[in-house]
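**Q**
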Amino acid sequence: MFGSIGPTELLVIMALALLFFGPKKLPEIGRSLGGALREFRRASQNFMDALNHPDLLLEDNEADRPPPKSIEFPAPPPVEMAAEPTSEAGPYGSDFLPADETASDGRQSALMADKSLASSTDASGTPGRKG
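Position in the sequence shown (first residue = 1) + 304 = our numbering.
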C-alpha cells in the first residue's frame, strides 16, 4: 500500500504526527491530505484517459469535420521600376577610383606607415617611447 514503508515505520510516523500536531488537529490534517490525494488521482486518471483517447480532447463536431482547405491568395501585380536614374555614374560609380590608382596610393601609404613604425622602435625591435 505504501511502497517501501513497512508497518513499523508507518507506526512511528503516525506517533510523531500525533505528538507534533496533537489529537485535535490530526483528523483535520488527515481529511485535507485525503482530499488532496483523491484530487491528484482524479487528475492523473483524466490525463491518462486523454493520452489513450485523443479524440476526447476534441469538441463535439471537430472530429467529424473535414480538414480545412488551403487558402489561395491572388498573385501580386508585377513590380515596376520605382524611379529613373538621375545621372550616369560610370562603371564603378562616382565613389570609386580605377584599380591602378588605388593600388599605387595604397602601396605608398603602406610604405610610409612601415617607415614611421621603424623609426619609433628601439634596438631590440620593440616599439620605443618618445621623449
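Positions of the beta carbon are idealized from the N, C-alpha and C atoms, including for glycine.
(1) Rounded to the nearest angstrom, how far is the Cβ of residue 340 from that of residue 330, given a contact under 8 Å?
(2) Would you give the residue range spanned by the alpha helix (DSSP H) that residue 334 belongs to?
(3) Tell me whether the beta-carbon of residue 474 lies closer than 9 Å to the beta-carbon of residue 325.
(4) Is DSSP giving residue 383 helix, strand or coil here?
(5) Per DSSP, what kind of secondary structure is residue 324 in: helix, strand or coil?
(6) DSSP state of residue 313, grouped into three classes?
(7) Expressed to the nearest angstrom, what Euclidean distance is found between the alpha-carbon atoms of residue 319 and residue 348?
**A** A quick look at the data gives this:
(1) Actually they do not touch by this definition, with Cβ atoms about 16 Å apart.
(2) 330–356
(3) Since the first residue of the chain shown is 305 and the last is 435, residue 474 is not available in this structure.
(4) coil
(5) helix
(6) helix
(7) 31 Å
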